[in-house]
Amino acid sequence: MAQRQRAAAVIVRDGRVLMVRERGRGPSGRHDGQEYWTLPGGGIRVGETAEDAVRREVVEEVGLRPLAVRYLLDVPYPSGLTSCFAVQVADGEPRLGDDGLSCDCPVMVGVDWVPLPQLPTETPGMPIPTMLIVWESQITS
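All residue numbers for the sequence shown refer to the working numbering, where the first residue is 401 and numbers rise by one.
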């Protein structure tokens with residue numbers, strides 16, 4: 401089976417990166433599985449460039465208008481290779497879009513700005529998580 405090609409947006413504002421919270425397939429085979437945070441993005445459609453896909457996904461998933469897009473790198477992702485882009489967006493606050501998917505693929509359940517970890521000043525660049533897993537807390541006494 402061929403892996404899916406994806407495009408994802410790295411949108412940084414005030415030391416925070418915009419991420420979408422998704423819920424994957426669970427015991428029922430539908431959207432009752434583990435939750436995780438991921439960069440806004442999704443599959444590249446036939447005939448669509450990765451840059452066009454990331455622009456479309458930003459509008460669909462978080463309701464922001466992309467102004468500038470710059471390729472960063474390709475990273476592995478559970479469903480396939482993802483091309484990540486630095487995306488500058490117009491002013492405004494993100495809102496959770498409706499992906500309208502009827503498949504058993506992950507469903508979006510939230511959107512938020514996640515603080516970036518601090519790096520030593522002599523380190524170039526910034527750390528961008530492509531996916532954060534949300535573990536259920538288990539309190540033991």
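Yeah, the Cβ is synthetic: ideal placement off N, Cα and C, and Gly gets one too.
Note on residue 478: under 16 other CB atoms within 10 angstroms of its CB, so exposed under the neighbour-count rule. Rounded to whole angstroms, residue 417 and residue 513 show a C-alpha spacing of 5 Å. Note: residue 441 is bridge-paired with 408 in the DSSP secondary-structure output. DSSP places residue 490 in the coil class of the three-state scheme, outside both helix and strand. Around the beta-carbon of residue 409, 16 or more other beta-carbon atoms lie within 10 Å, marking it buried. Check the Cα spacing between residue 462 and each of 421, 518, 516 and 505: the tightest is with 421.
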